[in-house]
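The block underneath contains the structure these notes are about, expressed in structure tokens.
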Amino acid sequence: MDRHVWTDEETEVFVGFMEELVIEGRIADAGQFRPGSFEKLAAKMNERFPSGGFQITHCKNKVKRLKEKYQFAADMAGCSGFGWDDVKQCVVVDNKEILAAYMKKQGVRLYTPGKPFPLYTRLEKIFCKERANGDAAVCGNDAEEEVQMNGYEEMDEEDTDFFNSNHDCSESLLQQSNSVASSSGKKQGKKPSSFKAAKDTKMMKELTDTLKYVFDQQGKRLDAFAQAMVNTREEKKTGDILSELGFTDDEVISIALKFSTNPQLEKMFWSLGNSQKTGFIRAILHT
Numbered sequence: 001m002d003r004h005v006w007t008d009e010e011t012e013v014f015v016g017f018m019e020e021l022v023i024e025g026r027i028a029d030a031g032q033f034r035p036g037s038f039e040k041l042a043a044k045m046n047e048r049f050p051s052g053g054f055q056i057t058h059c060k061n062k063v064k065r066l067k068e069k070y071q072f073a074a075d076m077a078g079c080s081g082f083g084w085d086d087v088k089q090c091v092v093v094d095n096k097e098i099l100a101a102y103m104k105k106q107g108v109r110l111y112t113p114g115k116p117f118p119l120y121t122r123l124e125k126i127f128c129k130e131r132a133n134g135d136a137a138v139c140g141n142d143a144e145e146e147v148q149m150n151g152y153e154e155m156d157e158e159d160t161d162f163f164n165s166n167h168d169c170s171e172s173l174l175q176q177s178n179s180v181a182s183s184s185g186k187k188q189g190k191k192p193s194s195f196k197a198a199k200d201t202k203m204m205k206e207l208t209d210t211l212k213y214v215f216d217q218q219g220k221r222l223d224a225f226a227q228a229m230v231n232t233r234e235e236k237k238t239g240d241i242l243s244e245l246g247f248t249d250d251e252v253i254s255i256a257l258k259f260s261t262n263p264q265l266e267k268m269f270w271s272l273g274n275s276q277k278t279g280f281i282r283a284i285l286h287t
């Protein structure tokens, strides 16, 4: 079956038809569509867009994709360090480290913070009842597998633009999120209504995981810096440095003997700058 690339207009109209199904009672409390619903969606879309060629499978995969994107954004907005901006209609995040820790844990990106998601509140009214009943949200690698269950994935115009440009927009979007957070006096964005009752234990766990990841990364950077300093010193031998400073071979040998009998002198030597090293060595030679 051919893949259908959805335009923004088609997606907007499709969500409107989904809202009609909710009003008609064609969506069960568990978020499942009643028999005949997808046939009706396909018929409505073909009536609105005669050249669209919409099929039932297209509609099923589109619902699945919208549901997964909404749930991913809703889960993200409900975590510590994230929030929802009603004005910009997007999820915001406090800093880069929190986003990196979250994405590492999820293993898949179905939504990027800072990217407008105007359909969020409408999808919330369609899918939030399912979340309130405690049904498991689709996230991480499970979401990626479920999207591809039928052998192909429905795509939107924004997806084709993203993959064609091969552009990682997380940095710029993160800056937008940070500007939103700073302008509100470091106050987190408004939480979506479906997550106002989130438990403190979940927030503390997310915060603990984030801090652990940040500290681990900082420790790795310090280890790398220390190793680089050791390597630099090993590459530059004492004799080479003394020769570069203008000392003769006899003077270098004399200093080497003094360093061997008093290692503390060598430590002091390496702690000084080049201009100070010269005076320090001459003082040793005259003792």
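Numbering (the UniProt record's numbering), first residue to last: 1 to 287. The beta carbon of each residue, even a glycine, is placed where N, CA and C say it ideally should be. Only a predicted model underlies this, so the values are computations on that prediction, with no experimental measurement involved.
Below 7 Å CB to CB, which residues in the same chain sit around residue i once its five sequence neighbours on both sides are set aside?
i      : result
Arg26  : Phe33, Arg34, Ser37
Arg109 : Met103
Cys79  : Tyr102, Glu206
Ile98  : Gly81, Thr210
Tyr120 : Tyr70, Ala73, Gln89
What does DSSP give as the partner residues of residue i in its beta bridges?
i      : result
Asp85  : Cys90
Phe259 : Answer is none; Phe259 lacks a bridge partner.
Ile27  : Phe33
Buried or exposed for residue i, going by 16 or more other Cβ atoms inside 10 Å?
i      : result
Ser271 : exposed
Ser275 : exposed
Asp8   : exposed
Ser51  : exposed
Thr160 : Note that Thr160 has pLDDT 49, beneath the 50 cutoff, so the model's placement of it is unreliable and the number below is only indicative. When all chains shown are included, Thr160 counts as exposed.
Asn262 : exposed
His4   : buried
Lys115 : buried
Glu10  : buried
Ile255 : buried
Val22  : exposed
Gly273 : exposed
So, under 8 Å CB-CB, residue i and residue j are touching, yes? Tell me the CB distance rounded to an integer number of Å.
i           : j      : result
residue 318 : Lys104 : Residue coverage of the chain in this structure runs from 1 to 287, which leaves residue 318 outside it and unanswerable.
Ile284      : Leu265 : 7 Å
Gln89       : Phe117 : 6 Å
Lys60       : Trp6   : Between Trp6 and Lys60 the Cβ distance is about 13 Å, and since that is not below 8 Å, they are no contact.
Just reading off the alpha helix (DSSP H) that residue i is part of, what are its end residues?
i      : result
Asp75  : 56 to 77
Leu272 : Element bounds for Leu272: n/a, residue is neither H nor E.
Thr287 : Per DSSP, Thr287 belongs to no alpha helix (DSSP H) and is neither H nor E.
Lys104 : 96 to 106
Gly239 : 238 to 244
Got a sec? Which residues, its chain only, sit under 6 Å from residue i by beta carbon, not counting five neighbours each side?
i      : result
Arg122 : Val15
Lys64  : none
Gly239 : Val252
Lys44  : Phe17
Thr278 : Leu245
Phe54  : Ala42, Met45, Asn46
Val13  : Arg48
Tyr152 : Note that Tyr152 has pLDDT 44, beneath the 50 cutoff, so the model's placement of it is unreliable and no number is given.
Asp249 : none
Counting only the same chain and skipping the five closest in sequence on each side, list residues whose C-beta sits under 8 Å from that of residue i.
i      : result
Asp209 : Ala101, Lys105
Lys268 : Note that residue 268 is Met in the sequence shown here, rather than Lys. Cβ neighbours of Met268 beyond the five flanking positions: Phe280.
Glu19  : Arg122, Lys125, Ile126
Arg282 : none
Considering only heavy atoms of the ligand PLP, does any lie closer than 6 Å to the CB of residue i?
i      : result
Leu207 : Questions concerning the ligand PLP fall outside what the structure shown contains, since it holds no ligand whatsoever.
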